[in-house]
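A short worksheet on the structure shown next.
Residue numbers (the working numbering): 1 to 115.
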């Protein structure tokens with residue numbers, strides 16, 4: 001007899017079923033995927049905030065903005081997910097698929113990666 005991974009109740013139905021209900025499946029996955037400590041939670045919150053800011057300012061997939069505008073919205077330049085160095089010597093900083101490139105005079109080119 002197979003039991004639910006979340007509540008240990010008997011599972012009725014398909015042979016490969018792991019949970020007795022959607023609620024138990026959600027509860028189990030939420031527990032497994034939650035941030036394990038405050039540091040991780042704070043970093044992930046900053047990444048999400050930066051991503052939201054870039055997404056709001058870069059609706060068309062390519063645009064320009066200023067450092068002052070990014071900072072006024074709460075953007076934190078210390079938090080990004082990856083860096084792309086191009087053959088032409090440019091350095092793009094990305095938050096998942098949203099990125100930025102420092103231009104002259106504190107302007108930034110905002111870009112979106114096609115994924």
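Backbone N, C-alpha and C fix where the C-beta goes; we use that ideal spot for every residue, glycine too.
Give the DSSP bridge partners of residue 63, in chain order. 110
Along the chain, where does the beta strand (DSSP E) containing residue 38 start, and where does it finish? It is not in any beta strand (DSSP E) - residue 38 instead sits in the alpha helix (DSSP H) that spans 38-57.
Pairs of beta-carbons, one from the stretch 76-96 and one from the stretch 21-32, closer than 8 Å: are there three or more? no
Could you tell me the distance, in whole angstroms, from the CA atom of residue 62 to the CA atom of residue 36? Cα to Cα, the separation comes out at about 35 Å.
Please name the residue or residues paired with residue 93 in a DSSP beta bridge. 83 and 100
Run through DSSP, which three-state label would residue 10 get? Residue 10: strand per DSSP, three-state reduction.
Counterpart residues of residue 3 in DSSP-defined beta bridges: Bridge pairing for residue 3: 10 [DSSP].
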